[in-house]
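Heads up: the structure comes next, in structure tokens.
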Amino acid sequence: MLRAFGFTSYFFNSPPTPPQQKLDSSVTFDYRNTEHIDIIKNRIARFKQAQAAIYSFDNKIISGLAVGTVCWAGASIPLPFTPTITISLASFSYASYQLGRRPDSGLLEPYREALTDLIEVYKWSMHGKTNTWYKLGVPQIQDLILTLGPWVPTETIAIWEEKDLEPGRFSSRGLEPTKEFKDKLNELAAGAHTKSIWFSVYGENGTDDLINAASAYLKQVALGAAEKYAPTPVTTLFKLHNN
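For the sequence shown, position 20 matches number 20 in UniProt numbering, and the numbering has no gaps at all.
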């Protein structure tokens, strides 16, 4: 059923999770040190894999609820040779089964650990507020901000100042921030992402309560008001896009 919606299991094509590279917080971060940059890359890779795994699992639940909801609503309009009620009940049963497996899926704890590790490496690399202008020109740090930003409060992520986003008059940096990157930073600084229903599930100190968020999301979809910050697997299902 999931393949019909364009889904395939994450576990059949996922690369092996790289081992965690230890971080010595007593050592000052140096954006020019390749070993320090490698730690950032390692933490990002581990988080993205853990995130993709939990999204893939949760998508089964949400897609089951979505199909069940659509078919249940469609049952009010008789269609020949279309057992909408049967499909609806089967979809709800499937979603319920997957939801029951979720706490013991072995995916929640790795995701939380990977998020904690990402927060740790961000604080280590950025919270000294030294050389911030140069750091924002490092591609891996830009990736770190965009990866972590949607899942932590504004006070954790937005440690830059407006001057750090401006081009230097007499200096250059590795990768000058693009307009799109600056726009994302402004969004994170405004804190709109913390109001997302998904932040309450996947964000720092999130409840992991998928069912309430999914119910709210499906209601918004039905009303034509889906949120901007829906996770990618969910937007694939409903043909939404992060802007």
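By construction, the Cβ of each residue, glycine as well, lies at the ideal position given by its N, Cα and C atoms.
At least 8 Å separates the beta-carbon of THR147 from that of ALA189. Under a 10 Å Cβ-count criterion, GLN20 is classified as exposed, with fewer than 16 other Cβ atoms of the shown protein chains found around its own Cβ. For ASN131, no alpha helix (DSSP H) segment is defined, and its DSSP state is neither H nor E. In the three-state DSSP reduction, TYR55 falls in the helix class (H, G or I). The DSSP-derived three-state label of GLY68 is helix. The C-beta distance from PHE57 to SER105 rounds to 6 Å, short enough to meet the 8 Å contact threshold. Cβ-Cβ distances below 6 Å link PRO110 to ALA50 in the same chain, with the five nearest sequence neighbours on each side left out; the list follows chain order. Beyond the five residues adjoining it in sequence on each side, PHE181 comes within less than 8 Å, by CB distance, of GLN142, LEU146 in the same chain, given in chain order. In this structure, the beta-carbon distance from VAL201 to ALA213 falls below 8 Å. In the structure shown, VAL121 adopts helical secondary structure according to DSSP, grouped into three states. Taken atom to atom, the span from the alpha-carbon of VAL67 to that of ILE87 is near 8 Å. Annotated three-state conformation of ILE37 is helix, per DSSP. With 16 or more other CB atoms across the displayed protein chains lying within 10 angstroms of its CB, HIS193 is buried. Boundaries of the alpha helix (DSSP H) around VAL201: 199-202.
For the pair GLU113 and THR178, the Cα-to-Cα distance works out to about 31 Å. Counting the other Cβ atoms within 10 Å of the Cβ of LEU144 gives 16 or more, which makes it buried. ARG102 and LEU218 have their alpha carbons spaced roughly 19 Å apart. Between TYR122 and TYR31, the beta carbon gap of about 13 Å keeps them out of contact (Cβ cut-off 8 Å). In this structure, ILE61 lies away from GLN140, with their beta-carbon atoms at least 8 Å apart.
Put simply, the backbone Cα of SER63 is about 8 Å away from that of ALA95. In this chain, LYS195 is not harboured by any alpha helix (DSSP H), its DSSP state being neither H nor E. When the alpha-carbon of THR156 is set against those of SER171, THR17, GLY128, the nearest one is in GLY128. The distance from the Cβ of GLY203 to that of TRP151 is about 5 Å, consistent with a contact at the 8 Å cut-off. Within the same chain, Cβ atoms closer than 7 Å to the Cβ of ALA158 are found at LEU188, ALA189, the five residues on either side in sequence being excluded.
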